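Trainee: First residue of the sequence shown: 844, per my numbering; consecutive thereafter.
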Amino acid sequence: MAAQIISGKTLAARIKQRVAGEVAQLKEQGIHPCLAVMLVGDDPASQVYVRGKQNDCAECGIESRLVRLEASVTQAQVLEELGRLAADPSVHGVLVQLPLPAGIDEQAVIAAIPPEKDVDGFTPVNVGRMNIGLDCFLPCTPAGCIEMLRSTGLAIEGKQAVVVGRSNIVGKPAAALLLRENATVTVCHSRTKDLARVCAGADILVAAIGRAKFITGDMIKPGAVVIDVGINRGADGKLCGDVDFDAAAEKAAFITPVPGGVGLMTRAMLLCNTVQAARMAAGR
Ligand code: NDP
844 MAAQIISGKT LAARIKQRVA GEVAQLKEQG IHPCLAVMLV GDDPASQVYV RGKQNDCAEC
904 GIESRLVRLE ASVTQAQVLE ELGRLAADPS VHGVLVQLPL PAGIDEQAVI AAIPPEKDVD
964 GFTPVNVGRM NIGLDCFLPC TPAGCIEMLR STGLAIEGKQ AVVVGRSNIV GKPAAALLLR
1024 ENATVTVCHS RTKDLARVCA GADILVAAIG RAKFITGDMI KPGAVVIDVG INRGADGKLC
1084 GDVDFDAAAE KAAFITPVPG GVGLMTRAML LCNTVQAARM AAGR
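#1: So which residues put a beta carbon under 5 Å from any heavy atom of the ligand NDP, going in chain order?
#2: Would you list the one or two residues that DSSP bridges to I1058?
#3: Would you report the Cα separation of I956 and L938, rounded to the nearest angstrom?
#4: Name the DSSP bridge partner or partners of G936?
#5: For my contact list, L1038 and V1028 are in at a C-beta cut-off of 8 Å; report their separation, rounded to the angstrom.
#6: One question on the structure: do A1131 and V883 come within less than 8 Å of each other, judged by their Cβ atoms?
#7: Check whether the Cβ of A1091 lies closer than 8 Å to any Cβ atom in chain C.
#8: Would you kindly work out how many angstroms separate the C-alpha atoms of A1067 and A1096, rounded to a whole number?
#9: Using only the alpha-carbon positions, how far apart do G946 and Q940 sit?
#10: Using only the alpha-carbon positions, how far apart do D948 and A954 sit?
#11: In this structure, how does DSSP classify V1049 when only helix, strand and coil are distinguished?
#12: What residue ranges within the segment 976-1016 form continuous beta strand (DSSP E) runs of no fewer than 3 residues, ordered along the chain?
#13: Starting from the C-beta of P942, find all residues in its chain whose C-beta is less than 8 Å away, skip the five residues before and the five after it, and write them out in chain order.
#14: Does DSSP put E913 in a helix, a strand or coil?
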């Protein structure tokens, strides 16, 4: 294997340590950062993710409040609950765990999160602010990808960056952030022609597709930095990314592992956003 591993574990641990220090300082000033997580229904994967977020908060001294609603809840009830969290000054960050049960309009719910508490960075206000370069909460997964790229010490500016995937939560904002870092960005999706050729020209390749080991070794430019966002179950039942790790690692200069990569950074960035929300609420 030629590539160096970009360890989400190491980077996230460093960020968590910094966040814990910031939380301790805020508490000395009487500010107690608090994240409210709304979980609607009983999707098993969502429950695991929410538990992870609660554990992360506890580790850093951030209070977390879980708001659980039955899958049978109406959209109006979800909005009502969000209204309560929006008005509660002791709650600094609000996130709604996605996906929501069928019948609830995800965009309507996201839009009901006050932008100043939108620690996922998903509301139209924060998405818009990000795209025009204003201060905002950056979406956690793409922000984590940028941190991982920075950790390599290589410049992002001027590089050919290819993002595979154009979802609102990963692909599009990842492309926007890479553009902000002055990369030359290409966004690929299911209708892209000759994807392999486009990927093979990438100095920076971000894979956010949701298909196990879809990016093969021949799609990697020698010396590329490969950021694998995907979380999939492989044919062997084990967790794996969107990139064929072993083959890609033969050619890349740097690569993120799955598990132990972008997922951990996503969680760490949520903590950063929550502290930022608490600080902003206190006018610091
Ligand atoms: P979506 O399903 O919303 O988006 C997938 C994207 O991949 C779409 O834009 C789709 O194109 C594109 N795509 C699908 N098939 C192909 C193909 N054959 N060729 C090229 N492009 C294709 O997924 P998400 O963005 O939400 O998530 C992507 C992956 O990242 C998943 O594995 C998810 O589990 C993981 N994830 C990981 C996170 C983490 O913290 N590590 C956080 C969030 C997600 P089109 O738009 O044309 O349909």
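All C-beta atoms, glycine included, are put in the ideal place defined by N, C-alpha and C.
It should be emphasised that the depicted structure is a prediction, and the values quoted were computed from it without experimental measurement.
Mentor: Inspection of the coordinates gives the following:
#1: Each of T984, G1008, R1009, S1010, V1013, H1032, S1033, A1051, I1052, G1053, V1072, G1073, I1074, V1105, G1106 and T1109 has a C-beta closer than 5 Å to some heavy atom of the ligand NDP; these make up the full list, in chain order.
#2: For the purposes of this step, residue 1058 is taken as the residue at position 215 of the sequence shown. DSSP, once it has assigned bridges, lists V1086 as partnering I1058.
#3: Within the sequence shown, residue 956 is the residue found at index 113, counting from 1. Within the sequence shown, residue 938 is the residue found at index 95, counting from 1. For I956 and L938, the distance between alpha carbons rounds to 8 Å.
#4: Locating residue 936 in the sequence shown gives position 93, where the first residue counts as 1. G936 is bridged by DSSP to L878.
#5: Along the sequence shown, one-based indexing puts residue 1038 at 195. Along the sequence shown, one-based indexing puts residue 1028 at 185. Between L1038 and V1028 a beta carbon distance of about 15 Å is seen, past the 8 Å cut, so the two are scored as non-contacting.
#6: Nothing about residue 1131 can be read from this structure; the chain reaches only from 844 to 1127.
#7: Looking for chain C here will not work: only one protein chain is present.
#8: Numbered from its first residue, the sequence shown carries residue 1067 at position 224. Numbered from its first residue, the sequence shown carries residue 1096 at position 253. A1067 and A1096 have their C-alpha atoms roughly 5 Å apart.
#9: Working through the sequence shown from its first residue, we reach residue 946 at position 103. Working through the sequence shown from its first residue, we reach residue 940 at position 97. Their backbone Cα atoms lie some 15 Å apart in a straight line.
#10: Translated into positions along the sequence shown, residue 948 becomes position 105. Translated into positions along the sequence shown, residue 954 becomes position 111. Straight-line measurement puts the Cα of A954 at about 10 Å from the Cα of D948.
#11: Residue numbering aside, residue 1049 sits at position 206 when the sequence shown is read from its first letter. Strand, per DSSP.
#12: Counting only runs of 3 or more, we get 1003-1007.
#13: Counted from its first residue, the sequence shown places residue 942 at position 99. In the same chain as P942, and ignoring 5 residues on each side of it, the C-beta atoms closer than 8 Å to its own belong to D886, S889 and E949, in chain order.
#14: Within the sequence shown, the letter at position 70 stands for residue 913. Under the three-state reduction of DSSP, E913 is assigned to coil, being neither helix nor strand.
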